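Enquirer:
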Ligand SMILES: Nc1nc2c(c(=O)[nH]1)N[C@H]1C(S)=C(S)[C@@H](COP(=O)(O)O)O[C@H]1N2
Ligand SMILES: [Mo]
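In this note's numbering, the protein residues as written are 152 to 566.
Now the structure itself:
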């Protein structure tokens, strides 16, 4: 990897691995000791009871500080201030599951099938991928198409993501393009269809919780990866272990987790959540609350320009001068400009913006702000992409609450 700015925040003064590993193996007595608690009625605790205070952490498989949105399927987002690192640690990568975890996530014996409109259909193990293709490591961002849905008015059905369904981890794997070239994509191919081993909520083995795809041109993009490592370690169970797609800049739903098959098709893929209103937006702007017929909805492709303020945290106290920093990203373009405002958007000043460490990575930015007097301020951050498109003030409303890229606002008390 090329240069990065490292910032640490308070939560990292305790080495997270140690704390997590310790908690995972600790009994109740030690858990109490860790939290600095005595449990007076410990003798009455049923054997195997997980103390309620620890239950969420346990459910989220060691994830650190994520906000649980729902547990069936499991969905959890990361508060903005916990996304401060230039590369998102595995235990802070958000979770968006449409079904239940596969029965087995054992990398040994896991296979990926490439078939359909290819000359050489193949079934590959993870070792085959490692041995036959160039293994690369890239920082790539994944954002859920519904990130920001909580701000829709009238509200949109679905997970009420605020700002934290975004992450940029470092992925190791192979280029999808290299694998597709080895399989020999035929001229008739127009689309991919992705399948994973997760289980539909109904338990029906014939149904996929999610099976999406992308146009063949996007599948052949250099940045699209089949990943078997995340941040130098195994993939987290809820982030698709042991094998997944990573399609930076496109709706997260393209990045199939627990990947078992890439079906090369001569028609647009019609798998689960490709049709109707799922991951689609109206072909034309509509007034909030409009019912849009299915035939007027188009499949979402590249995500719009967006940014986050990851320091300071919303609701925190700051001095009269502070560094403000975060990340900015955009679908198939790059972010060209980053600005901040402390006067509710009346004036904006340029922030320092890094180039992406590689194509498909988010871009880190920072600015120093000086508050003119003590009091409450809102820090607003606005990114502009390489086509001159900036983050808007207002949501472009759509029925399912996708693509909200309004700018991020963080309130602070300066003194
Ligand atoms: N097999 C499978 N892949 C999936 C999903 C899923 O439910 N099943 N969810 C998708 C959606 S909607 C998103 S936003 C991303 C989220 O990736 P993450 O959970 O690793 O953050 O995974 C995608 N891949
Ligand atoms: Mo998503």
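All C-beta atoms, glycine included, are put in the ideal place defined by N, C-alpha and C. Note that this is a predicted model, so its numbers are computed, not measured.
#1: Mapping the DSSP letters down to three states, classify residue 366 as helix, strand or coil.
#2: Between the Cα of residue 333 and the Cα atoms of 526, 271 and 354, which residue gives the shortest distance?
#3: Let me know the alpha helix (DSSP H) ranges lying completely inside the segment 329 to 391, each 4 residues or longer, listed in chain order.
#4: Quick check: is any heavy atom of ligand 3 less than 6 angstroms from the C-beta of residue 466?
#5: Report the three-state DSSP secondary structure of residue 551 (helix, strand or coil).
#6: Among the candidates 517, 466 and 414, whose CA atom is the shortest distance from the CA of residue 489?
#7: Report the residue ranges of all beta strand (DSSP E) runs contained in full by the segment 202 to 267; include only those spanning at least 3 residues, in chain order.
#8: Please work out which residues of its chain come closer than 6 angstroms, Cβ to Cβ, to residue 352, disregarding the five sequence neighbours upstream and downstream, and give them in chain order.
#9: For ligand 1, any of its heavy atoms closer than 6 angstroms to the Cβ of residue 409?
#10: To the nearest angstrom, how far is it from the Cα of residue 565 to the Cα of residue 427?
#11: Can you give me the start and stop residues for the beta strand (DSSP E) that residue 275 sits inside?
#12: How is the beta strand (DSSP E) around residue 291 delimited, first residue to last?
#13: How about residue 227 and residue 217: do their beta carbons lie closer than 7 angstroms?
#14: According to DSSP, is residue 564 helix, strand or coil?
#15: Which of the three DSSP states is assigned to residue 488 in this structure?
#16: Is the segment 317 to 329 in contact with the segment 371 to 379, if contact means three or more CB pairs nearer than 8 angstroms?
#17: For residue 229, count neighbouring Cβ atoms within 10 angstroms of its own Cβ and tell me buried if that reaches 16, exposed if not.
#18: Beta-carbon separation of residue 535 and residue 487 under 7 angstroms?
#19: Let me know the secondary structure DSSP gives residue 412 once reduced to three states.
#20: Apply the 10 Å Cβ neighbour rule to residue 346 and answer buried if 16 or more other Cβ atoms are within range, or exposed otherwise.
#21: Does the separation of the CB atoms of residue 290 and residue 508 fall below 7 angstroms?
#22: Going by DSSP, what residue range makes up the beta strand (DSSP E) through residue 420?
Expert: Inspection of the coordinates gives the following:
#1: Note: residue 366 maps to strand in three-state DSSP.
#2: 271
#3: 367 to 370
#4: Ligand 3 is not among the ligands present in this structure, which contains only ligand 1 and ligand 2.
#5: coil
#6: 517
#7: 218 to 222, 225 to 228 and 262 to 267
#8: 250
#9: Yes; taking the cut-off as 6 angstroms, the Cβ of residue 409 has a heavy atom of ligand 1 nearer than that.
#10: 48 angstroms
#11: Counted as a single uninterrupted DSSP element, the beta strand (DSSP E) harbouring residue 275 occupies residues 273 to 276.
#12: 287 to 294
#13: yes
#14: strand
#15: strand
#16: yes
#17: buried
#18: Yes.
#19: Here residue 412 sits in strand by DSSP.
#20: Label assigned to residue 346: buried.
#21: yes
#22: Neither: residue 420 is in no beta strand (DSSP E) and is coded neither H nor E.
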